[in-house]
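Protein sequence lines correspond, in order, to chains A and H. The first sequence begins at 1 in our numbering and counts up one residue at a time. The second sequence begins at 167 in our numbering and counts up one residue at a time. All C-beta atoms, glycine included, are put in the ideal place defined by N, C-alpha and C.
2 protein chains.
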Amino acid sequence: MHLTQFSDYAMRTVLYLASRGDGDRLASVEEISRAYRISRHHLVRVAQTLTELGIVTAQRGRGGGLKLAKAPSEVNVGWLVRRTEPNFHIVECFRPETNTCPIASACGLKGALIRAREAFLAVLDEYTLEQFLTTRSEMVALFDAALKAEPPTPTEPEAESKPEAD
Amino acid sequence: MHLTQFSDYAMRTVLYLASRGDGDRLASVEEISRAYRISRHHLVRVAQTLTELGIVTAQRGRGGGLKLAKAPSEVNVGWLVRRTEPNFHIVECFRPETNTCPIASACGLKGALIRAREAFLAVLDEYTLEQFLTTRSEMVALFDAALKAEPPTPTEPEAESKPEAD
DNA sequence: CAATAATATGCATTCGGAATGCAGTTTAAA
DNA sequence: TTTAAACTGCATTCCGAATGCATATTATTG
Chain A
1 MHLTQFSDYA MRTVLYLASR GDGDRLASVE EISRAYRISR HHLVRVAQTL
51 TELGIVTAQR GRGGGLKLAK APSEVNVGWL VRRTEPNFHI VECFRPETNT
101 CPIASACGLK GALIRAREAF LAVLDEYTLE QFLTTRSEMV ALFDAALKAE
151 PPTPTEPEAE SKPEAD
Chain H
167 MHLTQFSDYA MRTVLYLASR GDGDRLASVE EISRAYRISR HHLVRVAQTL
217 TELGIVTAQR GRGGGLKLAK APSEVNVGWL VRRTEPNFHI VECFRPETNT
267 CPIASACGLK GALIRAREAF LAVLDEYTLE QFLTTRSEMV ALFDAALKAE
317 PPTPTEPEAE SKPEAD
């Protein structure tokens, strides 16, 4: 029982943006991926989705980056998880099109599992990003340390012997 | 977000055994796998685990099979799921030995996710098998129909040309 | 005591979703 | 016009779950 790394990264991304109090500062995907030490390419997908959800604003072009499109108190964790998880099919019979269990129509287990699933999400519904900012200064310090430890621009150190011909 | 098929099969197996009111009747793994139309070999593993957990009794040898070791009211769903799921590592930082998130020590998200996970299991803790027996007759009818639809003994129709030598 | 039918166990393979990487396009600032 | 960033699609890798095969063990039956 777990959430996808995609949802994990989505939550981390908005938490990163919220942790830098200045709402106008842009943070690039590159920067966030270095702070968390995770794949930049993977994070690009997450950033897209968050932009589509209207929860972050992406500024394209040079000097661009991401920033929160809403106040931290407006970003609900349960809402976010519901939209980033690919599905909530706890067991086979939750997907009618592929279910093979012959007693699905008379089985009470499904109802119990639905209740459990809703209870899980209801807890997350209680939280907005704002509630996680009580440790903001510590998080910022840890982010900065991580950024300092990582090679600043490991993008393309090869600036010689370029095969110009062919 | 989902449970493993292993947990799913474990719940189904005990529900099957409970649905046949006669607590002394043995149901073979073969029978259960046909009733649900699922892999017999896979179900063998589940049956082992349930036996180890002391929740079913396995009778080996000819005419053997499985039966509940406890009354349906004694078999709790939350308890069962906790013991059949391989892990409950909702996100990366739940597994300290492989965590790479630098702010884990200062991040409030983990606490929220732990609360959500416990809420999920707490709902399942409210249920025992007994509560699912209100539709027992319907389930039995559906099981019987499934068993009738399946080939009775597709085990080994080859009873000729046995290689006796070698 | 032998044959049979069932569970028990280990190993090897398959499979699917998630994760990742690569290549290229588009946009906007300098 | 160059450059740095977000966007997009595709192809591949990877891992855990699922599955299958082979065999050992146990106990009943005749």
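Where residue i falls: helix, strand or coil (DSSP)
i      : result
M11/A  : helix
G65/A  : strand
V56/A  : strand
T264/H : coil
C273/H : coil
K70/A  : coil
L287/H : helix
R191/H : coil
V91/A  : coil
R186/H : coil
Through-space distance from residue j to residue i, alpha-carbon basis
i      : j      : result
A312/H : D188/H : 20 Å
Y127/A : I55/A  : 15 Å
P72/A  : S185/H : 50 Å
G129/A : G274/H : Residue identity check: residue 129/A is Leu in the sequence provided, not Gly. Distance between the alpha carbons of L129/A and G274/H is about 10 Å.
T134/A : P86/A  : 30 Å
A10/A  : V210/H : 39 Å
I38/A  : L308/H : 49 Å
Q48/A  : V257/H : 21 Å
K233/H : S271/H : 47 Å
V306/H : F132/A : 50 Å
A149/A : H255/H : 27 Å
R12/A  : M167/H : 18 Å
T100/A : S199/H : 12 Å
A282/H : E118/A : 10 Å
L287/H : G63/A  : 46 Å
S303/H : T4/A   : 39 Å
T217/H : A224/H : 6 Å
R226/H : L183/H : 17 Å
V243/H : P268/H : 36 Å
L219/H : S173/H : 13 Å
E30/A  : K70/A  : 22 Å
T98/A  : Y202/H : 14 Å
V75/A  : R82/A  : 13 Å
A193/H : L181/H : 12 Å
D125/A : G277/H : 14 Å
I280/H : H41/A  : 29 Å
V46/A  : G65/A  : 13 Å
W245/H : C259/H : 24 Å
T250/H : D144/A : 41 Å
V289/H : R95/A  : 21 Å
Run of the alpha helix (DSSP H) containing residue i, from where it starts to where it stops
i      : result
Q214/H : R206 to E218
V195/H : V195 to Y202
L147/A : R136 to A149
Which residues DSSP lists as bridging residue i, in chain order
i      : result
N242/H : T294/H
Q171/H : Partner(s): none; Q171/H has no beta bridge.
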